[in-house]
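Chemist:
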Amino acid sequence: MDLPRRHNGRLRVLIVDDDANLHGDYSRALALSRPQHQLAAARDALFGVTTAASGGDDPEFELVHAYDGASALALVESGVATGQRFSVAFVDMRMPPGWTGAETIRRLWDADPTIQAVLCTAFSDFTWDKVLLEVGRSEGLHLLRKPFAPEQVRRFAEVLSKKWQLAHAPMSRLPDGPA
C-alpha cells in the first residue's frame, strides 16, 4: 500500500516547546540510530530474517521545531497549503507567556483536524476534563508525562504516524473486505 509521505520519504513531526533543551531530547529520541540499524541489518542478513530493528519498517521523521503556539500554527498552516502536512505534534502544556498547549492543539486542529496531538506535561494541576473542554475533542489527543523516556516518544511518533498514514490512504488503495 502506497501511503502518503513527504517527497523525501520522511514523516513530518512537529515539536512545540518553549524549552530548547527538550527539543534536543525529542530530536535524540526520534533520530534513527544508523549504527544500530546497520548492525541489526547485518545480523538479519546473516540469519536470513527481517526484524523491525533492521530499519525496514521504522519510519524516518522530519522534525520541525516551534517554540510557541503561534509559530506552530503558522507551520501547520504552511504544511496544509503546500501539501506537506504533519502527522504528529508533540505540544508542551505550558509555554509562557503565550498559548497553553491545549489552546495550541485546538488551533492546530482548526488548521488541520487530522494531525495527531500529544500533550506533554510535567504538571498535575490540570484535569483531563478541563483539557478536553479547552481542546474540544478527545479523538487524536494523547498525553505524555514528563520526564519521558525516549522510547515513549519514539513509540508515540511511530504508532500515531501510522494511524495518520492509514487515515490518509486513498480508499481505492485499501484492501477489499472479505469476498
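Numbering (our numbering), first residue to last: 802 to 980. Here a beta-carbon is modelled for each residue, glycine too, at the ideal position from N, C-alpha and C.
Check whether the Cβ atoms of ILE991 and ALA918 lie closer than 9 Å to each other.
Modeler: Lying outside 802 to 980, the shown extent of the chain, residue 991 is not represented and no answer is given.
Chemist: Quick check on the burial criterion: 16 or more other C-beta atoms within 10 angstroms. Buried or exposed for ALA778?
Modeler: With the chain running from 802 to 980 in the structure shown, residue 778 is simply not present.
Chemist: Among the residues of its own chain, which have a CB less than 8 Å from the CB of MET896, if the five just before and after it don't count?
Modeler: VAL817, ASP818, ASP819, TYR868, ASP869, GLY870, GLY902, THR905, listed in sequence order.
Chemist: Considering only residues of the same chain and omitting the five flanking positions on each side of VAL814, which have a CB-CB separation below 6 Å?
Modeler: So the qualifying residues of the chain are PHE862, LEU864, VAL889, ALA958.
Chemist: Going by C-alpha distance, which of PRO914, GLU952, LEU876, GLY937 is nearest ARG828?
Modeler: The sequence as given places Ser at residue 828; Arg does not occur at that position. If we check each option's Cα against that of SER828, GLU952 comes out closest.
Chemist: Tell whether a beta-carbon distance below 9 Å holds between LEU933 and LEU945.
Modeler: Contact flag unset, no.
Chemist: Among residues of its own chain, excluding the 5 on either side of ARG835, which ones have a beta-carbon nearer than 6 Å to its beta-carbon?
Modeler: Low per-residue confidence applies at ARG835: pLDDT is 49, beneath 50, and the placement is therefore not dependable, though the value from the model is reported in the following sentence. The answer is none, since no qualifying residue turns up.
Chemist: Express the C-alpha separation of ALA912 and LYS964 in angstroms, rounding to a whole number.
Modeler: Rounded to whole angstroms, LYS964 to ALA912 spans 19 Å at the Cα level.
Chemist: DSSP on ARG811, reduced to helix/strand/coil?
Modeler: Of the three classes helix, strand and coil, the one that applies to ARG811 here is coil, per DSSP.
Chemist: DSSP beta-bridge partners for GLN917?
Modeler: DSSP output for GLN917 lists VAL889 as bridge partner(s).
Chemist: Could you tell me which of VAL936, ARG908, GLU940, LYS947 sits nearest to SER925, measuring between CA atoms?
Modeler: If we check each option's Cα against that of SER925, LYS947 comes out closest.
Chemist: What residue ranges within the segment 897-973 form continuous alpha helix (DSSP H) runs of no fewer than 4 residues, ordered along the chain?
Modeler: Those alpha helix (DSSP H) runs which fall completely within the segment 897-973 and span 4+ residues are 902-912, 929-936, 951-969.
Chemist: How long is the line joining the alpha carbons of ARG886 and VAL877, rounded to whole angstroms?
Modeler: For ARG886 and VAL877, the distance between alpha carbons rounds to 7 Å.
Chemist: For SER936, which residues in the same chain have their Cβ closer than 7 Å to its Cβ, ignoring the five residues on either side in sequence?
Modeler: As written in the sequence, residue 936 is Val, which differs from the Ser given in the question. ALA903, ILE906, ARG907, LEU942.
Chemist: Is the beta carbon of THR915 less than 9 Å from the beta carbon of ALA968?
Modeler: For THR915 and ALA968, yes; Cβs fall inside 9 Å.
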